[in-house]
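Encoded as structure tokens, the structure appears first; notes follow it.
2 protein chains.
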Amino acid sequence: MKNNARDEVYARHLRGVELFQGLTAQVRAAIAQEASLRSVQAGNFFFHQGDPATVLYVLIEGRVKFTQVTPEGHSVLLRVSGPGEMFGAVAALGDAYHPATGQAVTPCKALGWSSEGINALMEQYPRLALNAIRFLAGRVSEFQDRYRELATQRVERRVAHALLRLMHQIGREAPGGTQIDLAMSRQDIAEMTGTTLFTASRLLNRWEAEGIISTTRAVILVRRPNLLAAIAEETPPPTL
Amino acid sequence: MKNNARDEVYARHLRGVELFQGLTAQVRAAIAQEASLRSVQAGNFFFHQGDPATVLYVLIEGRVKFTQVTPEGHSVLLRVSGPGEMFGAVAALGDAYHPATGQAVTPCKALGWSSEGINALMEQYPRLALNAIRFLAGRVSEFQDRYRELATQRVERRVAHALLRLMHQIGREAPGGTQIDLAMSRQDIAEMTGTTLFTASRLLNRWEAEGIISTTRAVILVRRPNLLAAIAEETPPPTL
DNA sequence: CGCCAAAATTGCGCCGGCGCAAAGACGCCA
DNA sequence: TGGCGTCTTTGCGCCGGCGCAATTTTGGCG
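These protein sequence lines map, in sequence, to chains E and S. Here the first sequence stands for residues 0 to 239, numbered as in numbering that gives the first Met the number 0. Here the second sequence stands for residues 0 to 239, numbered as in numbering that gives the first Met the number 0.
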């Protein structure tokens with residue numbers, strides 16, 4: 000077994016990544032050899048919506064947000080990814096073009112494999128392909144759920160759900176509750192939940208008054224997750 | 000090459016299926032050997048939401064609709080599948096449970112592979128796995144788009160989009176336009192687009208009066224697809 | 001051919017949530 | 001520490017689309 004230092008470092012990052020579960024260290028090392036590292040400054044872009052897709056990434060560090068923009072200029076925040084997550088997959092493995100824009104919100108490092116490279120690796124290591132399938136199946140399921148949520152629930156519950164999702168995904172324990180470890184402006188919240196900046200602001204204020212959360216500018220601390228969950232699940236007034 | 004008659008018949012169906020593209024006839028035959036055929040009467044179910052997933056299907060004939068029901072009892076129509084499409088994949092390949100209910104709307108025949116069986120086949124024939132990845136990637140992309148649609152567009156445009164999607168997917172040329180080859184009640188339209196029966200009814204009536212479509216009960220004939228597309232794309236009044 | 005249940009229509013009232021504008025609060029940078 | 005730009009709050013008005021109930025239409029079926 001002879002790897003140079005670079006591959007050694009890459010391979011270390013692959014151990015905990017969902018996409019590489021069940022592979023031997025040797026195989027991970029071989030896969031790592033094909034990767035290249037890309038660093039992106041906060042605010043800069045991995046790719047833009049509509050770009051031809053050439054690379055599949057696995058995020059090593061930082062946070063990336065994915066947005067789609069409608070022809071009329073409204074943008075929708077699809078998700079925020081953290082370390083260990085694969086992204087660019089939908090495009091690199093399927094469609095030829097990125098369906099969304101990926102922007103670094105903190106300084107990021109990601110490993111990248113070319114479309115052809117990753118396809119070849121998957122032919123060679125079927126387990127890799129099965130992991131990718133698992134991942135994509137989960138993603139489909141998630142978006143079906145969110146679609147249903149958007150179709151049937153009113154704004155209040157959607158926002159509550161979104162906060163809970165964020166809390167679980169990128170929450171960090173803090174005195175007094177769980178802090179969402181990423182600046183999320185009211186605008187961002189609105190774009191995640193299909194509402195407007197104003198409505199989101201009103202909701203968060205009310206919840207702050209009720210002691211459910213507390214906010215400082217774009218930083219949100221969830222104080223009473225159970226109350227938030229109650230709002231998310233409950234069916235308070237008779238509605239659609 | 001020695002296949003019995005049954006496998007011969009199955010294999011024939013697999014030729015045009017997206018999931019089996021790029022495989023040799025021999026491989027397709029081998030895969031067919033593992034399949035079992037399931038027939039479901041109109042109105043009966045392939046599986047229900049929440050059922051443990053054990054089988055991945057490829058639809059041979061008929062139409063299947065997939066719905067999710069919210070805890071409160073509202074249902075959402077996620078999609079309608081036709082011959083050649085794979086379904087049950089999200090569950091059989093990823094999650095252990097079906098995220099939606101699959102109901103036959105016409106008499107259906109489908110080939111099924113057990114979860115373990117299809118996983119083994121994918122290990123053996125990586126191309127199969129890559130095809131599945133492509134399929135799932137497309138599905139993710141589709142739902143991201145529909146999510147954005149639901150989040151940003153008003154009802155009128157969503158319904159227009161839905162009709163166009165149906166028209167392309169399961170349309171059949173007919174005198175005077177393209178007919179959507181499946182009974183779609185107003186209720187179904189509403190569940191597809193996140194609105195209510197009433198609003199859907201009003202919209203379809205207006206469009207019928209304008210000569211864009213014509214309907215008889217649950218059967219919809221699209222007369223002026225271009226006008227429908229105009230509604231779907233255009234941004235008539237200033238909106239969200 | 002006529003009855004019945006399911007689907008579809010339509011009128012009316014109401015309200016959640018958007019749209020905008022103006023004011024206020026931070027946080028940043030020099 | 002002062003100024004500036006961005007993010008946020010808040011009041012007010014309005015309207016798209018929901019909710020319901022009553023009625024009509026339609027197709028299926030005996």
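Note that CB positions come from ideal geometry on N, CA and C, so glycine has one too.
My guess is that S:V89 and E:V139 are in contact by the Cβ rule of under 8 Å, so how many angstroms apart are they, rounded?
About 5 Å; that satisfies the 8 Å criterion.
Mind checking which residues open and close the beta strand (DSSP E) that includes S:I212?
Residues I212 to T215.
Grouping DSSP H, G and I as helix and E and B as strand, with all else coil, what is S:S184?
coil
Look at the alpha carbon of S:R164 and the alpha carbon of S:V218, and state the distance between them as a whole number of angstroms.
15 Å
Which residue wins for smallest C-alpha separation from S:A41, given the options S:Q102, S:H97, S:A208 and S:L127?
S:Q102
Pull out every residue of the segment 108–132 of chain S whose Cβ sits closer than 7 Å to any Cβ of chain E, in chain order.
Answer set for the segment 108–132 of chain S: N118, M121, E122, P125, A128, L129, A131 and I132.
So what does DSSP say about S:L239, is it helix, strand or coil?
With a pLDDT of 30 at S:L239, under the threshold of 50, the modelled position of that residue is not reliable, and the figure given next carries that caveat. Under the three-state reduction of DSSP output, S:L239 falls in the coil class, being neither helix nor strand.
By DSSP, does S:E233 sit in helix, in strand, or in coil?
coil
Would you call the segment 120–134 of chain E in contact with the segment 172–192 of chain E, where contact means no fewer than 3 C-beta pairs closer than 8 Å?
no
Counting only runs of 4+ residues fully inside the segment 134–169 of chain S, write out the alpha helix (DSSP H) ranges in chain order.
Annotation note: the segment 134–169 of chain S contains the following uninterrupted alpha helix (DSSP H) runs of length 4 or greater, listed N- to C-terminal: 154–169.
Indicate whether the contact test is met: 3 or more Cβ pairs, each with one atom in the segment 29–38 of chain S and one in the segment 109–118 of chain S, closer than 8 Å.
yes
Hey, out of E:R78, E:D94 and E:A10, whose CA is closest to E:A161's CA?
Comparing Cα-Cα distances from E:A161 to each of E:R78, E:D94 and E:A10, the minimum goes to E:R78.
Just tell me which of E:R223, E:G175 and E:V158 has its CA closest to the CA of E:S200.
E:V158
Using CA atoms only, rank isn't needed, just tell me which of S:N130, S:A231 and S:F142 is closest to S:G15.
S:N130
Once DSSP output is grouped into helix, strand and coil, what is the label at E:E60?
strand
Go through its chain and collect everything with a Cβ distance to S:G61's Cβ below 7 Å, but skip five positions before and after it.
A103, T105, P106, C107 and K108
Would you grab the beta carbon distance between S:G21 and E:I132 for me? Rounded to a whole angstrom, and I think it's under 8 Å.
Not a contact, Cβ separation roughly 17 Å.
On the DSSP bridge list, what partners appear for S:I179?
S:G170 and S:I219
Relative to chain E, which residues along the segment 10–23 of chain S have a C-beta separation below 9 Å, given in chain order?
Residues are counted here when their Cβ sits less than 9 Å from a Cβ of chain E; for the segment 10–23 of chain S the count is zero.
Assuming contact is defined by CB atoms lying nearer than 8 Å, are E:V57 and E:S80 in contact in what I supplied?
no
Do E:G87 and E:A52 have their C-beta atoms closer together than 8 Å?
Yes. Within cutoff.
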